[in-house]
Amino acid sequence: MASLKKIALFTALPLAAMIGGALYLTGMPVKKSVQQSPAAQAGDVIFQESMSDLSTAIKLATHSKYSHCGIILPKDGELYVYEALQPVRYTPLQQWINRGRKGHYVIKRLKNADSVVTQTTVQKMVDAGKKYNGKNYDFYFGWSDERIYCSELVWKIYKESTGLELGKLEQLKDFDLNSPAVKEQMKQIYGNNIPMTEQIISPVSMFNSPLLKTVEEK
1 MASLKKIALF TALPLAAMIG GALYLTGMPV KKSVQQSPAA QAGDVIFQES
51 MSDLSTAIKL ATHSKYSHCG IILPKDGELY VYEALQPVRY TPLQQWINRG
101 RKGHYVIKRL KNADSVVTQT TVQKMVDAGK KYNGKNYDFY FGWSDERIYC
151 SELVWKIYKE STGLELGKLE QLKDFDLNSP AVKEQMKQIY GNNIPMTEQI
201 ISPVSMFNSP LLKTVEEK
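Residue numbers (the UniProt record's numbering): 1 to 218.
Right, dumping it as structure tokens:
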């Protein structure tokens, strides 16, 4: 188990990008050309496509170009994206937008947000997220709260604050793991003990949730 963890420390990024969302590293260059979203509101879920070389593997495994997501929450009077990176943190909304491929992003919102996402609910979201702040990224995509990945963070905050489940929970075996590139990364992370029945929430499952509507795409 110790050797597996050592391997994961250096090779988990590919799998993180494939299933649970692309892991972005601090210090990546930020473009200045994208204007901040005027449509964003607290409680919205925002999606983007990774700019890493692993984008092909992401699409192969999840059949979706959206590999990373976060929840928009207020902090110090401004809107931030609360996201699972290494570690979990608040990222300024504009910085988050600029980080995606060509500045492209999609913002989704509850269809009944006017009645559900009240000021009280937003505060519940902020409070629910506090216990994850600073936690390490979960390269193994376990369902415990010890570590956490991007879509898991958003899903759990919504579940705890509203009782709603954004997206269908799946198992690792439900994803397209047939391509050689995906198989190789899985083997590097898990060896021969791939947890095929591990419960997972993917960005694409959340993106396709019937509870959400698209309010902005740029």
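A virtual CB, placed ideally from N, CA and C, is assigned to each residue, including glycine.
Buried versus exposed, by CB contacts within 10 Å (16 or more), PRO29
Reading the sequence shown from its first residue, position 29 is the one you call residue 29. Note on PRO29: pLDDT 38, under 50, position unreliable in the model; the coordinate value appears next. Exposed: under 16 other Cβ atoms inside 10 Å.
Inter-residue spacing [alpha-carbon to alpha-carbon] between VAL182 and LYS75
Translated into positions along the sequence shown, residue 182 becomes position 182. Translated into positions along the sequence shown, residue 75 becomes position 75. If you take the alpha carbons of VAL182 and LYS75, they lie about 38 Å apart.
Look at the alpha carbon of VAL117 and the alpha carbon of ASN208, and state the distance between them as a whole number of angstroms.
The residue given as residue 117 occupies position 117 in the sequence shown. The residue given as residue 208 occupies position 208 in the sequence shown. Going by the C-alpha atoms only, they are around 19 Å apart.
CA-to-CA distance, MET196 to MET206, given in whole angstroms:
Reading the sequence shown from its first residue, position 206 is the one you call residue 206. Reading the sequence shown from its first residue, position 196 is the one you call residue 196. In a straight line, the C-alpha of MET206 is about 20 Å away from that of MET196.
Can you tell me whether GLY100 is buried or exposed, with buried defined as 16 or more other CB within 10 angstroms of its CB?
Residue 100 sits at position 100 when you count from the first residue of the sequence shown. So GLY100 ends up on the buried side.
Would you please state the rounded distance, in angstroms, between the beta carbons of ASP174 and LEU60? I believe it to be under 8 Å.
Here residue 174 refers to the residue found at position 174 of the sequence shown. Here residue 60 refers to the residue found at position 60 of the sequence shown. With 8 Å as the limit, ASP174 and LEU60 do not qualify as a contact, their Cβ atoms being about 14 Å apart.
Alpha-carbon to alpha-carbon, TYR105 and LEU172:
Counting from one through the sequence shown, the residue named residue 172 turns up at place 172. Counting from one through the sequence shown, the residue named residue 105 turns up at place 105. Their Cα atoms are separated by approximately 26 Å.
Which of the three DSSP states, helix, strand or coil, is assigned to LEU25?
Indexing the sequence shown from 1 puts residue 25 at position 25. In this predicted model, LEU25 has a pLDDT of only 42, less than 50, meaning its place in the structure is not dependable enough to derive any value.
With DSSP as the reference, label VAL45 as helix, strand or coil.
Along the sequence shown, one-based indexing puts residue 45 at 45. VAL45 falls in the strand class under three-state DSSP.
So that I know if they touch, is there some Cβ in chain B lying closer than 8 Å to that of ARG101?
Reference to chain B is not applicable here, since this structure consists of a single protein chain.
How close, in whole Å, do the beta carbons of ALA42 and VAL154 come, if the pair is a contact with beta carbons under 8 Å?
As a position in the sequence shown, residue 42 is number 42, starting the count at 1. As a position in the sequence shown, residue 154 is number 154, starting the count at 1. ALA42 to VAL154, Cβ: 13 Å. No contact.
Closest Cα partner of VAL204 within the set ASN136, VAL45, GLY142
Taking the first residue of the sequence shown as position 1, residue 204 is located at position 204. Minimum Cα distance to VAL204 is reached at VAL45.
Where do the N-terminal and C-terminal ends of the beta strand (DSSP E) with VAL215 fall, by residue?
Counting from 1 along the sequence shown, the entry for residue 215 is found at position 215. First-last of the beta strand (DSSP E) with VAL215: 212-217.
I'd like to confirm something about ASN136: is its beta-carbon nearer than 7 Å to some heavy atom of the ligand NAP, or not?
Although the ligand NAP was asked about, the structure shown includes no ligands whatsoever.
Check LEU60 in the structure and name its three-state DSSP category.
Reading the sequence shown from its first residue, position 60 is the one you call residue 60. Note: LEU60 maps to helix in three-state DSSP.
Is HIS68 helix, strand or coil by DSSP?
Taking the sequence shown and counting its residues from 1, the one referred to as residue 68 is at position 68. Strand, per DSSP.
PRO38 in three-state terms, based on DSSP:
On the sequence shown, position 38 is the one that residue 38 refers to. Three-state DSSP puts PRO38 in coil, outside helix and strand.
Quick check on the DSSP output: the beta strand (DSSP E) that includes LEU110 runs from which residue to which?
For the purposes of this step, residue 110 is taken as the residue at position 110 of the sequence shown. Where LEU110 is concerned, the enclosing beta strand (DSSP E) stretches over 105-110.
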